[in-house]
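Participant: After the structure tokens below, expect a handful of questions from me.
Protein chains in written order, with the numbering used here: chain A, 10 to 309; chain B, 10 to 309.
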């Protein structure tokens with residue numbers, strides 16, 4: 010399969026669905042509507058929604074059943090970026106090459122736009138599941154998984170640990186603690202949600218979840234590597250930003266060589282988890298390779 | 010019935026349930042756990058959860074079925090206060106007579122504690138509904154209603170309008186726009202959620218919803234009146250704070266006399282909506298009277 014083509018098509022599908030679930034609304038204060046849409050439609054890679062869709066695809070589910078959850082995952086990801094960039098947090102003025110939300114709309118509006126995106130993500134899940142009327146219990150389980158992945162035990166907890174870790178000695182234990190929560194938890198929840206709504210058997214769910222855990226962590230390890238070695242033009246953020254903020258990263262904790270080995274090991278784990286799956290899981294396989302190999306090319 | 014006793018008992022029940030759904034967790038960064046619990050257990054009146062429970066009670070539902078949603082409503086209310094108090098927003102240092110969250114834990118932690126409370130509210134709903142295993146579709150509808158009431162079309166939108174309105178001329182239209190969103194929407198969603206999960210018929214739901222709309226707005230009108238006439242010791246916030254922040258309030262828009270008349274009119278509407286309900290709706294009736302009469306005593 011041609012992964013780039015697949016990602017492009019899927020990301021277009023997700024964008025169209027996002028436009029449907031979060032249209033321009035005159036019933037909202039204009040500035041709030043603008044601020045929410047500014048960050049949501051700012052050219053993200055839509056990796057979380059695509060993972061959820063691909064996970065459902067692996068167990069034979071139609072895209073339409075997973076889509077509300079896919080949209081919600083992107084809305085949650087988008088809110089987290091808006092809040093992470095705030096002056097009280099990472100104080101970033103550039104995101105994907107564009108001024109961050111609070112630079113354009115002010116701090117109060119950025120906080121509220123984030124709150125709005127997070128809250129409406131749950132509206133979108135509930136609404137979508139009710140409209141389809143398929144398996145409301147599975148939908149509730151997906152809501153639960155996404156809330157856990159995004160909440161205090163997941164992404165929010167990871168962001169707290171990340172902020173607290175600045176200027177701490179970067180150890181392997183600390184970086185694992187942060188990465189599994191801050192980034193991996195929501196990626197893993199994306200895979201879980203797709204599997205649950207897609208009707209995975211308990212056995213299929215367990216294997217897909219292994220895949221999600223591995224790819225979730227691999228994603229952040231690769232990101233750490235790219236922050237050191239990548240180019241601003243390619244990554245959309247200034248190279249060396251992590252070091253500047255004294256962030257705890259994999260290369261800082263274990264060295265670049267071991268970080269790259271870990272990324273490849275995680276890729277291996279992710280692929281092994283999918284061994285019993287048919288070609289329907291090929292997108293998941295190709296995504297895993299892509300995530301790791303954009304930072305650690307096969308030749309390395 | 011003795012309303013004070015009822016409110017006390019219900020608020021104790023809610024507190025116990027909140028302790029169960031949000032226990033002290035060593036799996037979280039300690040400071041995040043502390044910050045979330047600091048604001049959640051700071052002596053709120055638990056009016057939203059109590060409304061949800063009373064709405065369920067009015068249609069004969071057991072408290073246990075509504076409780077996860079009741080807890081979630083209080084968590085959402087609590088997050089909204091934490092974010093509203095932030096320096097970028099209302100910049101308040103006192104809430105219910107205690108230092109606000111960001112004063113105690115810092116701005117970054119207050120933002121994240123709010124995000125955590127909001128996200129976990131949805132976990133609590135999904136988890137509770139799955140544990141009870143009753144009617145997952147009704148649970149999804151309640152999730153949807155609560156997300157709408159709390160989101161950009163409801164509370165978040167109202168907060169934006171409220172911030173934008175500072176220093177604007179307070180008109181009746183503007184104050185209605187703000188109040189129906191900022192405060193009434195989540196109160197109304199509380200009543201709706203209780204009715205849905207409680208198994209209300211469409212006819213019962215429509216009447217309870219009328220009640221919720223009236224009482225939701227009455228609550229904020231009463232609050233506006235108390236901000237002018239109340240004492241700090243009784244209301245837990247400094248009297249005259251709204252005027253200081255140049256907030257758009259009912260008394261400012263239409264004058265104190267008309268504001269009081271409007272509050273009594275809304276009480277009348279709320280009670281009329283419940284006319285066909287049996288004594289099981291007495292708590293809803295008494296709550297409505299209490300909400301209005303603490304600001305506008307019957308003699309007025």
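Glycine residues also receive a C-beta, built at the ideal position from the N, C-alpha and C atoms.
1) Starting from residue 21 of chain B, trace the alpha helix (DSSP H) in both directions and tell me its first and last residue.
2) Which residues, in chain order, does the segment 124-158 of chain A contribute to contact with chain B at a C-beta distance below 7 Å?
3) Leaving aside the five residues before and after residue 220 of chain B along the sequence, list all residues of the same chain whose C-beta is less than 7 Å from its C-beta, in chain order.
4) Alpha carbon to alpha carbon, how far is residue 305 of chain A from residue 74 of chain B? Give it in angstroms, no decimals.
5) Which class does residue 211 of chain A belong to by DSSP, given the choice of helix, strand or coil?
6) Does any CB atom of chain A fall closer than 7 Å to the CB of residue 166 of chain B?
7) List the whole-angstrom C-beta distance separating residue 154 of chain A from residue 255 of chain A, where the pair is believed to meet the contact cut-off of C-beta under 8 Å.
8) If you pair each beta-carbon of the segment 217-233 of chain A with each one of the segment 97-106 of chain A, do three or more pairs fall below 8 Å?
9) Which residues in chain B have a C-beta closer than 9 Å to the C-beta of residue 95 of chain A? List them in chain order.
10) Taking 7 Å as the cut-off, decide whether the C-beta atoms of residue 89 of chain A and residue 10 of chain A are in contact.
11) Quick one: using the 10 Å Cβ neighbour count with 16 as the cut-off for buried, is residue 78 of chain A buried or exposed?
12) Decide if residue 233 of chain A is buried, meaning its Cβ has at least 16 other Cβ atoms within 10 Å, or exposed.
13) For residue 41 of chain A, which residues in chain B fall below 8 Å Cβ to Cβ?
14) Give me the residue from B:286, B:291, B:272 and B:93 with the minimum Cα distance to residue 301 of chain B.
15) Mind the definition here: the segment 113-123 of chain B touches the segment 131-142 of chain A only if three or more C-beta pairs lie below 8 Å; say whether that holds.
16) Quick check on residue 38 of chain B - is its C-beta less than 7 Å from some C-beta in chain C?
17) To the nearest whole angstrom, what separates the beta carbons of residue 236 of chain A and residue 258 of chain A, a pair I think is in contact under 8 Å?
18) List the residues that DSSP assigns as beta-bridge partners of residue 107 of chain B.
19) Suppose you measure from the CA of residue 111 of chain A to the CA of residue 97 of chain B; what does that come to, to the nearest Å?
20) Can you name the residues of chain B whose CB is closer than 8 Å to the CB of residue 173 of chain A?
21) So which residues on chain B does residue 314 of chain A lean against when the C-beta distance must stay under 8 Å?
22) Quick one: what's got a C-beta closer than 7 Å to residue 94 of chain B's C-beta in the same chain, skipping five residues either side?
23) Label residue 288 of chain B either buried or exposed according to how many other C-beta atoms from any shown protein chain fall within 10 Å of its C-beta, with 16 as the threshold for buried.
24) Can you list, in chain order, the residues of its chain with a C-beta nearer than 8 Å to that of residue 150 of chain B? Leave out the 5 residues immediately preceding and following it.
25) Looking at the structure shown, is residue 98 of chain B part of a helix, part of a strand, or coil, going by DSSP?
26) Find the nearest neighbour of residue 62 of chain A within the set A:299, A:19, A:169 and A:142, judged by alpha-carbon distance.
27) Between the C-alpha atoms of residue 238 of chain A and residue 265 of chain A, what's the straight-line distance to the nearest angstrom?
28) Take residue 21 of chain B as the anchor and find which of B:167, B:196, B:59 and B:285 has the nearest alpha-carbon.
29) Taking residue 269 of chain A as part of the alpha helix (DSSP H), name the residues at either end of that continuous run.
30) Leaving out five residues before and five after residue 167 of chain B in sequence, what residues of the same chain have Cβ atoms less than 6 Å from its Cβ?
31) Roughly how many whole angstroms lie between the Cα atoms of residue 253 of chain B and residue 212 of chain B?
32) When the Cα atoms are used, what is the spatial distance from residue 268 of chain B to residue 230 of chain B?
33) From residue 277 of chain A to residue 263 of chain A, what distance separates their C-alpha atoms?
Facilitator: Here's the rundown:
1) Unbroken alpha helix (DSSP H) run through residue 21 of chain B: 12-30.
2) 124, 125, 127, 128, 129, 131, 132, 135, 136, 138, 139, 145, 146, 148, 149, 150, 152, 153, 156 and 157
3) 200, 279, 282, 283 and 293
4) So the alpha carbons of these two residues sit roughly 51 Å apart.
5) Helix, per DSSP.
6) yes
7) The pair is not a contact, with the Cβ atoms about 32 Å apart (cut-off 8 Å).
8) no
9) In chain order: 97, 116, 117 and 120.
10) In this structure, residue 10 of chain A does not lie closer than 7 Å to residue 89 of chain A by Cβ.
11) A residue is called buried once 16 or more other Cβ atoms fall within 10 Å of its Cβ, and residue 78 of chain A is buried on that count.
12) Classification for residue 233 of chain A: buried.
13) 161, 165, 166 and 169
14) B:272
15) no
16) Looking at the structure shown, chain C is missing, and the protein chains on hand are A and B.
17) 7 Å
18) According to DSSP, residue pairing for residue 107 of chain B in a beta bridge involves B:104.
19) A direct Cα-Cα distance of roughly 11 Å separates residue 111 of chain A from residue 97 of chain B.
20) Think of a sphere of 8 Å around the beta carbon of residue 173 of chain A: the chain B residues whose beta carbon falls inside it are 38 and 40, in chain order.
21) This structure gives no information on residue 314 of chain A, because the portion of chain A shown stretches from 10 to 309.
22) 101, 104, 109, 110 and 111
23) In the assembly as shown, residue 288 of chain B is an exposed residue. Its beta-carbon has fewer than 16 other beta-carbons within 10 Å.
24) 205
25) coil
26) With distances taken between Cα atoms, residue 62 of chain A lies closest to A:19.
27) 10 Å
28) B:59
29) 265-282
30) 187, 190 and 191
31) Whole-angstrom Cα-Cα distance: 44 Å.
32) C-alpha separation (whole angstroms): 7 Å.
33) 19 Å
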